[in-house]
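Participant: The structure is given below, and queries will be raised subsequently.
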Amino acid sequence: MSTEVAAAALDLYRAHRGADRPVVAVIYTHSHVDHFGGVLGVTTQADVDAGKVAVLAPEGFTAHAVQENIYAGSAMMRRAGYMYGTVLARGLRGHVGCGLGQTLSTGEVSLVVPTVDITETGETHTIDGVEIEFQMAPGTEAPAEMHFYFPRFRALCMAENATHNLHNLLTLRGALVRDPRAWSGYLTEAIDTFADRTDVVFASHHWPTWGREKIVEFLSQQRDMYSYLHDQTLRLLNQGYTGVEIAEMFQLPPALQRAWHTHGYYGSVSHNVKAIYQRYMGWFDGNPGWLWPHPPEALAPRYVDALGGIDRVLELAREAFDAGDFRWAATLLDHAVFADSEHAAARGLYADTLEQLAYGAECATWRNFFLTGAAELRDGNPGSSGQVPAPTFFAQLTPDQIFDVLAISINGPRAWDLDLAIDFTFTEPDVNYRLTLRNGVLIHRKLPADPATANATVTVGDKVRLVAAALGDISSPGFEVFGDRTVLQTFLSVLDRPDSAFNIVTP
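Note that the sequence shown covers residues 1 to 507 in the UniProt record's numbering.
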């Protein structure tokens, strides 16, 4: 998922298969960063622009890649550190894997905009003499996703929709809830379309499955798993059970439990069931007592006082810990730490409790969350760790996407009383945007430049200059301001920088 690791992988391939094998195409199966972030490790933007390398992706890829990795990217990156255990020591009491793979790579994340959009199932393209047939699978493991098939090799790639574990319907790092009904349907379509002419099926993670009989069994069990999760969750929620209650009682059928590739090493039945409930019913479970609760920092001291003070809470938590009721101990200690974040005994016992929950977890991402929380309780918040989007990543954004990013960066309360209009004229591409900021809301529209009604007019050489300006650099060549320059400075002054190192397990 980073350029350095992708380049190393290509070097390894060429060391064993020959250096005279140029890259002529890149296929993005879907819009998650680990499936495109290393692209500049295997090709260059210049070769793509020159037509030497084709980049194929499912329709809607770029928009979804931006929405997930830029719009909510900082929050997702922070939570991804928990999910993947990036700061944990490797070993029996620390990081042992991520369930889907061993770990994330660090390094520079890149993006090259696709040159070929795949738009329909059955579409075929021949790349360097190799025919490829595509199956669209939107709204499954990613909003934009597709499978592809090599007729000559009788080989089917299932992207990330059929891996050797139960996947996430809502990843713990945060994302849109995925649709298990659509997921199941596209697996059925893949079986019907390709099974009779396939000798091997593989995915973007994990190992291949060989032989038609085993392929059909594997894909059918994966299909049945997602369908069962969907249908039975809906059955139970229509009987009045909440997501938490359904998750507690839910079991897969025995035949699926025996197929170890359906186990929750990455996703889990528990959080997937809650995700399905959320998809259909939202965050509110219908109980009016939970409609307007206090937030954690206000709720915690009330609980601690009601239970007789923090020493009594720790006593009860120790009893729960000794009895093996680590879930109840964690609940008590969460309140204790949010009531007094510097209480050493509360932090220590809470860390011990999270470690016990981790050691009992089949799901690697649960283990990593528990252990990362324990580590931060003991050692403090280490800050953000992970991938760094390259400047070339931002260069691929459209002006509309850049202005969307600016809009969600506006500090609304600081901008309540502002009423500004700024024209941004791009020389490449030749287009003008009118930005208005009022009521703390930034709106952008394609309109002809009109200095008479704009507080300021900005001429921007290219999109990269606009990104640089958003970060505070408005003095370099390629960025000229006409009119009231202080208006632009006022606008830039109400842009917030995201915090990718916020606290999670402490207030």
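Positions of the beta carbon are idealized from the N, C-alpha and C atoms, including for glycine.
Could you give the uninterrupted runs of the alpha helix (DSSP H) lying entirely in the region 52 to 120, keeping only those of 4 residues or more?
Facilitator: 61 to 66 and 73 to 84
Participant: Taking 7 Å as the cut-off, decide whether the C-beta atoms of Thr365 and Leu172 are in contact.
Facilitator: yes
Participant: When the distance is taken between beta carbons, is Thr233 closer than 7 Å to Leu205?
Facilitator: Note that residue 205 is His in the sequence shown here, rather than Leu. No, these two residues do not count as a Cβ contact at 7 Å.
Participant: Going by alpha carbons, who is nearest to Lys463 out of Gly18, Arg485, Val431 and Gly94?
Facilitator: Distance from the Cα of Lys463 is smallest, within the candidate group Gly18, Arg485, Val431 and Gly94, for Val431.
Participant: DSSP on Leu406, reduced to helix/strand/coil?
Facilitator: helix
Participant: Alpha carbon to alpha carbon, how far is Glu355 from Arg78?
Facilitator: 20 Å
Participant: Over what stretch of residues does the beta strand (DSSP E) that includes Val200 continue unbroken?
Facilitator: Val200 to Phe202
Participant: Have a look at the DSSP bridge pairing and note the partners of Lys463.
Facilitator: None; Lys463 has no bridge partner.
Participant: Quick one: measure Cβ to Cβ for Leu420 and Val487, integer angstroms, because I've assumed they're closer than 8 Å.
Facilitator: 6 Å
Participant: Give me the Cα-Cα distance between Val244 and Lys274, rounded to the nearest whole angstrom.
Facilitator: 6 Å
Participant: Starting from Ala344, trace the beta strand (DSSP E) both ways and give me its first and last residue.
Facilitator: Unbroken run through Ala344 is the alpha helix (DSSP H), Ala344 to Tyr359; no beta strand (DSSP E).
Participant: Could you work out which residue in Glu428, His64, Ile402 and His147 is closest to Ser31 when comparing CA atoms only?
Facilitator: In terms of CA proximity to Ser31, His64 leads the group Glu428, His64, Ile402 and His147.
Participant: So Glu189 and Ile118 are in contact, right, with Cβ under 8 Å, and what is the actual spacing, rounded?
Facilitator: Incorrect: roughly 15 Å between the Cβ atoms, too far for contact.
Participant: Are the CB atoms of Glu145 and Ala155 within a distance shorter than 7 Å?
Facilitator: Taking 7 Å as the Cβ cut-off, Ala155 and Glu145 do not qualify as a contacting pair.
Participant: Sort Gly185, Trp210, Pro114 and Ala317 by Cα distance to Cys157 and report the nearest one.
Facilitator: Trp210
Participant: Relative to the alpha-carbon of Asn411, which residue among Leu252, Ala336, Asn439 and Pro296 has its alpha-carbon at the smallest distance?
Facilitator: Asn439
Participant: From what residue to what residue does the beta strand (DSSP E) around Asp423 run?
Facilitator: Counting along the chain, Asp423 sits inside the beta strand (DSSP E) bounded by residues Asp419 to Thr427.
Participant: For residue 552 and Ala46, I'd like the C-alpha separation in whole angstroms.
Facilitator: This structure gives no information on residue 552, because the portion of the chain shown stretches from 1 to 507.
Participant: Considering only residues of the region 120 to 202, which uninterrupted beta strand (DSSP E) runs meet the minimum length of 3 residues and lie entirely inside it, listed in chain order?
Facilitator: 124 to 127, 130 to 136, 146 to 150, 155 to 157 and 200 to 202
Participant: Using a threshold of 7 Å, state whether the C-beta atoms of Pro143 and Ala57 are closer than that.
Facilitator: no
Participant: So what does DSSP say about Thr372, is it helix, strand or coil?
Facilitator: helix
Participant: Using the rule of at least 16 other Cβ atoms within 10 Å of the residue's Cβ for burial, across every protein chain shown, is Met249 buried or exposed?
Facilitator: exposed
Participant: Taking C-beta to C-beta, are Asp179 and Gly139 nearer than 7 Å?
Facilitator: Cβ distance < 7 Å, so Asp179 and Gly139 count as in contact.
Participant: Going by DSSP in three states, Thr209 sits in which element: helix, strand or coil?
Facilitator: strand
Participant: Looking only at C-alpha atoms, which of Ala351, Ala50 and Val26 sits nearest to Val39?
Facilitator: Val26
Participant: Looking at C-beta atoms only, is the number of pairs between the region 120 to 127 and the region 85 to 100 that lie closer than 8 Å three or more?
Facilitator: Verdict: no, contact absent.
Participant: Terminal residues of the continuous alpha helix (DSSP H) containing Glu480?
Facilitator: Per DSSP, Glu480 lies in no alpha helix (DSSP H) segment; the continuous beta strand (DSSP E) that holds it begins and ends at Phe479 to Gly483.
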